[in-house]
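Colleague: In the numbering used here, the protein residues as written are 18 to 396. Dropping the structure in here first, questions after.
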Amino acid sequence: MKRFSLSILITVLIGSGLFFVFFHPPEPEIFIKGNKYHAVYNEPVKIHFENKRRLYHYQLYIDGKKYKEGTAVNRNGKHLIKAEISFSGKTVDKTFHLTIDTEKPGYPLVNIEPSSIHLKQAAIHVKEEPGIDYKAYLDNRPWLLNKAITQPGEHQLKIISSDQSNGLKNIDIRTFHIFETAFSKEEVRYFLKIALGTEYNPNDKFINKWTEPIVIKPYLETTKEDRDMIKKTAKALSQLTGLDISVLDPSDKRKENMSIYFPKDKDMAKYQGPTYRNNWGYFNYFDSDNMIYKAYLLIDRDLSQDLRNEVILEEITQALGLGNDTYDYKDSVFQQEKNQAVTHYSAMDKKVIQLLYLKEIEPGMDKEAVLETLNPIIR
Numbered sequence: 018m019k020r021f022s023l024s025i026l027i028t029v030l031i032g033s034g035l036f037f038v039f040f041h042p043p044e045p046e047i048f049i050k051g052n053k054y055h056a057v058y059n060e061p062v063k064i065h066f067e068n069k070r071r072l073y074h075y076q077l078y079i080d081g082k083k084y085k086e087g088t089a090v091n092r093n094g095k096h097l098i099k100a101e102i103s104f105s106g107k108t109v110d111k112t113f114h115l116t117i118d119t120e121k122p123g124y125p126l127v128n129i130e131p132s133s134i135h136l137k138q139a140a141i142h143v144k145e146e147p148g149i150d151y152k153a154y155l156d157n158r159p160w161l162l163n164k165a166i167t168q169p170g171e172h173q174l175k176i177i178s179s180d181q182s183n184g185l186k187n188i189d190i191r192t193f194h195i196f197e198t199a200f201s202k203e204e205v206r207y208f209l210k211i212a213l214g215t216e217y218n219p220n221d222k223f224i225n226k227w228t229e230p231i232v233i234k235p236y237l238e239t240t241k242e243d244r245d246m247i248k249k250t251a252k253a254l255s256q257l258t259g260l261d262i263s264v265l266d267p268s269d270k271r272k273e274n275m276s277i278y279f280p281k282d283k284d285m286a287k288y289q290g291p292t293y294r295n296n297w298g299y300f301n302y303f304d305s306d307n308m309i310y311k312a313y314l315l316i317d318r319d320l321s322q323d324l325r326n327e328v329i330l331e332e333i334t335q336a337l338g339l340g341n342d343t344y345d346y347k348d349s350v351f352q353q354e355k356n357q358a359v360t361h362y363s364a365m366d367k368k369v370i371q372l373l374y375l376k377e378i379e380p381g382m383d384k385e386a387v388l389e390t391l392n393p394i395i396r
């Protein structure tokens, strides 16, 4: 029997008959690796032939160009795929279209800006795009789009945008604050006067504040009244600022980040250094990018107890980032004249402290940034 070289014609001898069997290349079998959503792949794909046979030649084309198997196809759009199998001069091909769309939907256009402030209510307005589904969640509860939020306090709005064609999602999370009552122009003016700069560094016209828990410890000789006043002040400030403020006993071995020393009057200059101006109290804080992480305070222990209580209240408060004194309000803890003992926060003082520790008032802000942030709640 004559042996044919490789050909699509193969001779078969069965009994006394001679038959000719013609083999054609089989239809290409293609495997596409990628996440398919409906008729669209939402990630780059890799294309392979399956069930390859020896002696056959396989070739893929994408948009008319040769394609190496296993190479990622990552260009978005609709592509023409052609798969060829050749054997001894005969070719069988298969064509089909493949669409890749790896783009997530854009962030929705929402009228509520991140870390924004609102008075009385915040109305959600979402500009909906065609082909995109939207779901809203307020404080992790389902919420209707374009429904106003009136509950005072800090809130988190989450909007999930889902592309109907490729199934990809985008999640936009924004926090904002609703205030029931506004701050007056005078309260904001006084706050800016106290918070921007310090009596020892008037050129520091930026917001400085604590962002971590405060641990206070007194040193040298202190009275029970001193320690009680420190604890009373820490409790009041914790309530006004939301900071975690604790007080250690002088004998406690744990480390503090706010140290209060009670030297005698004759030793104040030694403890304070070159900034000493015959003052009753002193504070200095250390910051990194306007975030305070350590403070050092002095209280003249030769003062009467009433005056020491006043100085304790003032210096601890100023060490929170409210570094200026003024002559504006006689009942204020920030009063420059020391002609009376102020041992409680006035209504104005409380507003000033609360303003500094609004989450929306960020370390490093200048006057313009503060006013822009507070503008919606100034009346």
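The C-beta atom is built at its ideal place from N, Cα and C for all residues, glycine as well.
#1: Whose CA, out of T116, A89, K107 and H142, lies closest to the CA of Y54?
#2: Cutting at 7 Å between CB atoms, please list the residues of its own chain near L315, excluding the five before and the five after it.
#3: Give every residue of the same chain whose Cβ lies closer than 6 Å to the Cβ of S103, excluding the five residues on either side of it in the sequence, and list them in chain order.
#4: From N52 to D180, what does the alpha carbon distance come to, in whole angstroms?
#5: Quick one: what's got a C-beta closer than 8 Å to L237's C-beta in the same chain, skipping five residues either side?
#6: What residues in its chain sit with their C-beta under 6 Å from that of K175, if we drop five residues either side in the sequence?
#7: I'd like to check one pair, L337 with T239: are the Cβ atoms closer than 8 Å?
#8: Taking 8 Å as the cut-off, decide whether the C-beta atoms of H142 and N163 are in contact.
#9: Name the residue from V369, D245 and T198 whose alpha carbon lies nearest to the alpha carbon of L265.
#10: Could you tell me whether the Cβ atoms of E86 and H65 are closer together than 8 Å?
#11: Would you kindly work out how many angstroms separate the C-alpha atoms of T112 and V90, rounded to a whole number?
#12: Buried or exposed, going by whether 16 or more other CB atoms sit within 10 Å of the CB of D261?
#13: Could you give the distance in angstroms between the alpha-carbon of L391 and the alpha-carbon of K82?
#14: Give the straight-line distance between the Cα atoms of N307 and I188, rounded to the nearest whole angstrom.
#15: A312 lies in the beta strand (DSSP E); which residues open and close that run?
#16: Assuming R92 is part of the alpha helix (DSSP H), what are its boundary residues?
#17: Between D282, A100 and E331, which lies nearest to P42 when the distance is taken from Cα to Cα?
#18: Determine, using beta-carbon pairs with one atom in the stretch 216-235 and one in the stretch 192-201, whether at least three such pairs fall under 8 Å.
#19: Measure the CB-CB distance between F223 and D342 and report whether it falls below 8 Å.
#20: Under 8 Å between the Cβ atoms of L97 and D80?
#21: Near Y293, what residues of its chain come up, given a Cβ to Cβ distance below 7 Å and the 5 sequence neighbours on each side ignored?
#22: Could you tell me the boundaries of the alpha helix (DSSP H) in which D180 lies?
#23: Excluding sequence positions up to five away, which residues of its chain have a Cβ less than 7 Å from the Cβ of I129?
#24: Measuring alpha carbon to alpha carbon, tell me which of K249, E44 and P125 ends up nearest K107.
#25: Between which two residues does the alpha helix (DSSP H) harbouring V387 extend?
#26: Per DSSP, what kind of secondary structure is E377 in: helix, strand or coil?
Modeller: Walking through what the data contain:
#1: Relative to the Cα of Y54, the nearest Cα in the group T116, A89, K107 and H142 belongs to T116.
#2: Excluding residues up to 5 positions away in sequence, Y278, P280, M285, Y288, Q289, G298 and Y299 lie with their Cβ nearer than 7 Å to the Cβ of L315 in the same chain.
#3: H74
#4: 15 Å
#5: Y278, F279, P280 and R318
#6: The residues are Y154 and I190.
#7: no
#8: yes
#9: D245
#10: H65 sits close to E86, with the two beta carbons spaced by under 8 Å.
#11: Using only the alpha carbons, I get a separation of about 16 Å.
#12: exposed
#13: 59 Å
#14: 31 Å
#15: M308 to I316
#16: Note, R92: premise wrong, no alpha helix (DSSP H); not H, not E.
#17: Of the candidates D282, A100 and E331, the one whose C-alpha sits nearest the C-alpha of P42 is A100.
#18: No, the stretch 216-235 is not in contact with the stretch 192-201.
#19: no
#20: yes
#21: M285 and A286
#22: Looking at the DSSP string, D180 is not in any alpha helix (DSSP H); the run it does join, the beta strand (DSSP E), is G170 to D180.
#23: A139, I141, L174, R191 and F193
#24: E44
#25: K384 to L391
#26: coil
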